[in-house]
Structure formats: C-alpha cells, structure tokens
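A.B. asks: The opening position of the sequence shown corresponds to residue 170 in the numbering used here, with each subsequent residue numbered one higher.
Every residue, glycine too, gets a C-beta built ideally from N, C-alpha and C.
Before anything else, here's the structure in question.
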Amino acid sequence: MYPEVRMRRLRNSPLVRKMVTEYELSPSNFILPLFVKEGLEDGTKAPISSMPGAFQHSISTLVEECAQAAELGIPGVILFGIPEHKDAEGSQAYDPDGIVPRAVRAIKAKLGDGLLVACDVCLCEYTDHGHCAPIEGDDIRNDQGVELYARAALEYARAGADIVAPSDMMDGRVGAIRQALDAEGFVDTLILAYAVKYASSFYGPFRDAAESGFHAGPKDRKTHQMDPANLSQAFREVEMDLAEGADIIMVKPAMPYLDVIKVLSTSYDVPMAAYQVSGEYAMLKAADEKGWLDGHKCLMESLLAIRRAGATMILTYYAKEAAEALR
Ligand code: PBG
170 MYPEVRMRRL RNSPLVRKMV TEYELSPSNF ILPLFVKEGL EDGTKAPISS MPGAFQHSIS
230 TLVEECAQAA ELGIPGVILF GIPEHKDAEG SQAYDPDGIV PRAVRAIKAK LGDGLLVACD
290 VCLCEYTDHG HCAPIEGDDI RNDQGVELYA RAALEYARAG ADIVAPSDMM DGRVGAIRQA
350 LDAEGFVDTL ILAYAVKYAS SFYGPFRDAA ESGFHAGPKD RKTHQMDPAN LSQAFREVEM
410 DLAEGADIIM VKPAMPYLDV IKVLSTSYDV PMAAYQVSGE YAMLKAADEK GWLDGHKCLM
470 ESLLAIRRAG ATMILTYYAK EAAEALR
C-alpha cells in the first residue's frame, strides 16, 4: 500500500497556504483605462450607464482620478479621447490640440514622472463612421489608417505620453509608429501593442463609453481583428509586432482568452499585458448589483486568474478598487 496522500496538508492553515502561494496581485500590475471627453464642463464627469462606476471625464476630474491612482500605487493609466467633432478621417485623433494631447499635458503638469501616461492609438472614437481607419464603402483602408496612427502617436509623444498603444489591429502600424517616434527623437517612448485583439462582442459597453458605434461601412471589425475561433494566428500577430518594435504585447479580452495569454506568455520573453475589457467589467458589476455574485471577490479572483495565465500587466476598470483592497 502507498502512504496516504493528503493534499490537505498543503491547505490546512492560513500560514501554510501563504507559504505555498505561487501568484500574487499587486497594484503595480494594474493600468487604469480612463475616458476624457471634449466639451464636458470642467469639474464635471458623466456616468456611463453600461459601466457603473466608470465615467467620461473632463480634464480636471481626469487629473484628479490620475492623482488617486498614483496615490494607490498604480503605475499608469491609458487614455481614450472622445472628441466634440468627428469626421471621415478622424482628424481630432492627431490634432496637436485635440482632447488627448491636452489631457496628457494636464496630467503631466500635475504628476510628472509620478504616473505613466499611455494613450490608446486608434481612430474609431474620432471617425463619424465609427471605424478604426478611413473607409471606402465596406473596405477599411489599412494603409491610410497606419499613416494616421503614426501621426497621432507622434502628437501624443510630443504632449508627453510615456506609452502609445495602437489598438486598431491594422497591419504595419507598429513599425510606422516606431519610425515616426524615432525620427523625432522619441526613442524612449514605449509601444504597448494590442497584438492579439479579438473581434469580440465583449467590447459593447466600451462603445457606449467612447461613443464609437458603427454608422457606415461594415457592422463589425472582423476584417482586421482576430477570429475567436483561432489561436495560431496569434503567434504571427505577436511576431509581426515584435519585429516592428513593440515593447509590450497585449491580449484582449482577458477572461475568455486565458488560454491565449498562457500559451503566448510561455512562448515569448516579453512583458505581457491583458485587457479585462468593458464587457467583463459590466458582467461582474451587473451580477453584483443583482446580488447574484459577490462582485468584489469575483473581481479579485478574475485578476488573479489573469496573472496566473501569465500576464504581468492588467488593464482594468477595477484598478482602483483592486489596489485599495490590496493596501
Ligand atoms: C479601440 C478600442 C476598443 C477597446 C479598446 N480600444 C474598442 C474596439 O475595438 O471596438 C475596447 C476596450 C473595452 O471594451 O474595454 N479604440
């Protein structure tokens, strides 16, 4: 007979459980996504109905939110801008006085090196049709988009952004952005590439928050974002972005794609980020409000699961709540 095997010995007391802990969460793992909207009266913020607890900010409330994040030990935020005027080319995305460059300057004036500022680089919040690049009929123009992302990324770097994060999934955009940045001496500006972004239905609430619904052209992003049915293309996406100069690789969404995070994090020695997206946030919030789940406990568990899958950094709307709980 074998000696009796008992897993219980490893779990029987709080200290033993602590001793054998493999993965832990820390506020330094989190990045807080924030929305800043042009034309909101300064000092005010507008609630987002499908994302209770998240807001569209004016610049002053945004800066306040950033100060709180820094205070909690969160190393960085990522900004999404909502312009007053949208057009076919998304020109407010690369206007030097657009809402995002103005917001970056305000945050940096207050917090300087105390907080990393990342800027999402995409046109979908800025185009009147809601697509990530200019369109011609149902065709989303990859190369035209790429040129415009490079211009936008450069404006954000000039405004003081530490990180630019192309989220469009057009081919060639990381290389174009790296070139544009380097040509002006922004060699230290990091590129966080949304390398493996799925054409997911979990972004619904974000499109309310960023006012980026579809008004012309195709009704989805399936021609440039990944098919949830696929994994092998994720490797090629990562390889392309790394070859073009990406510093950090991201998988998005997080919870339904833990397998993707796992396999990529064991295959590549680069910092990995995962985006716990708006739909993941909204589900936890809704179930919590209904009393069906303990939202806070499920949140901490889901963040730990994303870490266990191999992500170093987690973009989450819950960053402040989680950081507070870890204090
Ligand atoms: C594109 C972008 C999107 C998200 C982040 N950047 C939306 C999209 O691709 O449609 C989604 C984030 C979320 O759902 O929380 N600018």
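For Pro374, count the other beta carbons within 10 Å of its own beta carbon; 16 or more makes it buried, fewer makes it exposed. Which is it?
C.D. replies: Answer is buried; the Cβ neighbour count reaches 16.
A.B. asks: Enumerate in chain order the residues of its own chain whose CB-to-CB distance from Gly341 is below 8 Å, with the five nearest sequence positions on each side excluded.
C.D. replies: Within the same chain, Gly341 has close Cβ partners Asn311, Asp312, Val315 and Glu413.
A.B. asks: Over the uninterrupted alpha helix (DSSP H) stretch that includes Met409, give me the two end residues.
C.D. replies: Start and end: Ser401 to Glu413.
A.B. asks: Might you give, ordered along the chain, the residues of its own chain that have their beta carbon closer than 7 Å to the beta carbon of Met220, omitting 5 neighbours on each side?
C.D. replies: Around Met220: Pro374, Ala378, Ser447, Tyr450, Ala451 and Tyr486.
A.B. asks: Beta carbon of Arg320: closer than 7 Å to some heavy atom of ligand 1?
C.D. replies: No, since every heavy atom of ligand 1 falls outside the 7 Å radius drawn around the Cβ of Arg320.
A.B. asks: Just to check, is the beta-carbon of Arg390 closer than 7 Å to a non-hydrogen atom of ligand 1?
C.D. replies: Yes, the Cβ of Arg390 comes within 7 Å of a heavy atom of ligand 1.
A.B. asks: Pairs of beta-carbons, one from the segment 382-399 and one from the segment 359-369, closer than 8 Å: are there three or more?
C.D. replies: The segment 382-399 is in contact with the segment 359-369.
A.B. asks: Closer than 7 Å: is that where the CB of Gly448 sits relative to any heavy atom of ligand 1?
C.D. replies: Gly448: yes, Cβ under 7 Å from ligand 1.
A.B. asks: Can you list, in chain order, the residues of its chain whose CB lies under 7 Å from that of Pro303, leaving out five sequence neighbours each side?
C.D. replies: Around Pro303: Ala257, Glu258, Arg310, Gln313 and Gly314.
A.B. asks: I think Val269 touches Leu231, with their Cβ atoms under 8 Å apart; what is that distance to the nearest whole Å?
C.D. replies: Between Leu231 and Val269 the Cβ distance is about 10 Å, and since that is not below 8 Å, they are no contact.
A.B. asks: Can you give the beta carbon distance from Arg327 to Pro265, rounded, assuming they're within the 8 Å contact cut?
C.D. replies: That pair is a contact at about 7 Å.
A.B. asks: Contact defined as beta carbons within less than 8 Å: I believe Met424 pairs with Ala362. What is the distance between those atoms, to the nearest angstrom?
C.D. replies: With a Cβ gap of about 21 Å, Met424 and Ala362 do not count as contacting.
A.B. asks: Do you know how far the Cα of Asn198 is from the Cα of Gly245?
C.D. replies: C-alpha separation (whole angstroms): 9 Å.
A.B. asks: Could you pull out every residue in the same chain whose Cβ sits closer than 6 Å to the Cβ of Leu209, ignoring the five residues on either side in sequence?
C.D. replies: Hits under 6 Å: Ser227.
A.B. asks: Under 7 Å: does the beta carbon of Cys288 sit that close to some heavy atom of ligand 1?
C.D. replies: No; taking the cut-off as 7 Å, the Cβ of Cys288 has no heavy atom of ligand 1 nearer than that.
A.B. asks: Flag Tyr372 as yes when its Cβ comes closer than 7 Å to any non-hydrogen atom of ligand 2, and as no otherwise.
C.D. replies: Among the ligands modelled here, namely ligand 1, ligand 2 does not occur.
A.B. asks: Work out the CA separation of Thr358 and Ile417 for me, nearest whole Å.
C.D. replies: Going from the Cα of Ile417 to the Cα of Thr358 covers about 12 Å.
A.B. asks: Kindly provide the ranges of any alpha helix (DSSP H) runs that are 4 or more residues long and lie completely inside the segment 272-357, ordered along the chain.
C.D. replies: Runs of the alpha helix (DSSP H) inside the segment 272-357: 311-328 and 342-352.
A.B. asks: Report the residue from Lys214, Cys288 and Ala349 whose alpha carbon sits nearest the alpha carbon of Ala330.
C.D. replies: Ala330 has its Cα closest to that of Cys288, out of Lys214, Cys288 and Ala349.
A.B. asks: Using a Cβ-Cβ cutoff of less than 7 Å, which residues in the same chain neighbour Tyr444 once the five nearest sequence positions on both sides are dropped?
C.D. replies: Closer than 7 Å at Cβ, skipping near neighbours: Met419, Lys421, Pro422, Ala423 and Leu484.
A.B. asks: Could you check which residue in Thr190, Ala272 and Lys187 has the C-alpha nearest to that of Asp211?
C.D. replies: With distances taken between Cα atoms, Asp211 lies closest to Ala272.
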